[in-house]
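**Q** Residue numbers (the working numbering), protein chains in the order written: chain P, 180 to 325; chain F, 180 to 325. Sharing a structure, written as structure tokens. Questions coming.
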């Protein structure tokens, strides 16, 4: 039984982010890969959409320039033949402020011939923004209409 | 071939939210259901964790008191025997301000004997918060360390 592409991809991504070794991940990106991390691109320039291997490698390098992964817990997982989805709780360090950040993301990945063709990531961004600025953003609660 | 529980659940949930008809969804909740929508519970009191059928029905009622679903596009989907994950783009109306809101969520659901035992939802919450307050929350971008 062949190892699922998700595991190779996960190892390659973390190696890229933590060790700045991009060779493994470069070998796993389809030339036409589609990539999106949904969130405020004005706050996190490495969020947003990227198309193609070169653009995705560049954004992974930007992520590596900004964070280190300390640990991650895969809380939910679904594996298909050429697809995977998981919900992951990350413990990171933001390098510019040397500050710990924890966040929860959900991703959907598709592979073809062992290479990533699509990655879509939803992030609990408000929590992330509050941790990044370092203080709570106070807002009135949404009214509970009764 | 039996219809996947996700489709029944999805119809029942939208019927509960838009028509305030809770019977269908009540019949699909396991007594010990675990439920979590990750996000700022001080802004959205119907976010957070709930345990058990009664608590989940109550939070669905709160959601129904606050929003209507206009449309949703299921952008990604994975189905397992008793599980499902999808990424969904919703167009909603916030009822208190009669304001349109669009947001992207990812959910992971588990079923047993056709009943929901677990639901975990990640929301692009920063985007949601900005739309709810009605103006952009300005913040300095995270530095791109080079």
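Virtual Cβ for every residue (Gly too), placed ideally from N, Cα, C.
1. Would the region 236-250 of chain F count as touching the region 264-278 of chain F if we require 3 or more Cβ pairs under 8 Å?
2. So with Cβ pairs under 8 Å, would you call residue 325 of chain F a contact of chain P?
3. Taking Cβ-Cβ distances shorter than 7 Å, what residues in chain P pair up with residue 269 of chain F?
4. Can you name the residues that DSSP bridges to residue 175 of chain F?
5. I need the boundaries of the alpha helix (DSSP H) containing residue 156 of chain F, first residue and last residue.
6. Taking only beta-carbon positions, decide if residue 301 of chain P is within less than 8 Å of chain F.
7. List the residues of chain F whose Cβ lies closer than 7 Å to the Cβ of residue 283 of chain P, in chain order.
8. Tell me, please, whether the CB atom of residue 227 of chain F is closer than 8 Å to any CB atom in chain P?
9. So which residues of chain P does residue 191 of chain F contact, with C-beta pairs closer than 8 Å?
10. Which residue or residues does DSSP assign as beta-bridge partners of residue 189 of chain P?
11. Determine the extent of the alpha helix (DSSP H) in which residue 205 of chain F is found, giving its start and end residues.
12. Throw me the rounded Cβ distance for the residue 238 of chain F and residue 225 of chain F pair, which I believe falls under 8 Å.
13. Mind listing the chain F neighbours of residue 235 of chain P? Cutoff is C-beta to C-beta under 8 Å, in chain order.
14. Nearest to residue 191 of chain F by CA position, among F:198, F:182, F:204 and F:181, is which residue?
15. For the beta strand (DSSP E) containing residue 303 of chain F, list its first residue and its last residue.
**A** In terms of the structure at hand:
1. yes
2. Residue placement at residue 325 of chain F is poorly supported in this model, since its pLDDT is 39, which falls under 50; the coordinates still yield a value, given next. Judged by the 8 Å Cβ criterion, residue 325 of chain F is in contact with chain P.
3. What residue 269 of chain F touches in chain P: nothing, since even the nearest Cβ is about 12 Å away.
4. Since the first residue of chain F shown is 180 and the last is 325, residue 175 of chain F is not available in this structure.
5. One cannot answer for residue 156 of chain F here, as it falls past the ends of chain F, which runs 180 to 325.
6. yes
7. 217 and 301
8. no
9. Going along chain P, no residue has its Cβ under 8 Å from residue 191 of chain F, so there is no contact; the nearest lies around 21 Å.
10. Residue 189 of chain P is not bridged to any residue.
11. 202-205
12. 5 Å between Cβ atoms; contact.
13. Within chain F, no residue comes near residue 235 of chain P; the closest Cβ sits about 17 Å away, beyond 8 Å.
14. F:204
15. Neither: residue 303 of chain F is in no beta strand (DSSP E) and is coded neither H nor E.
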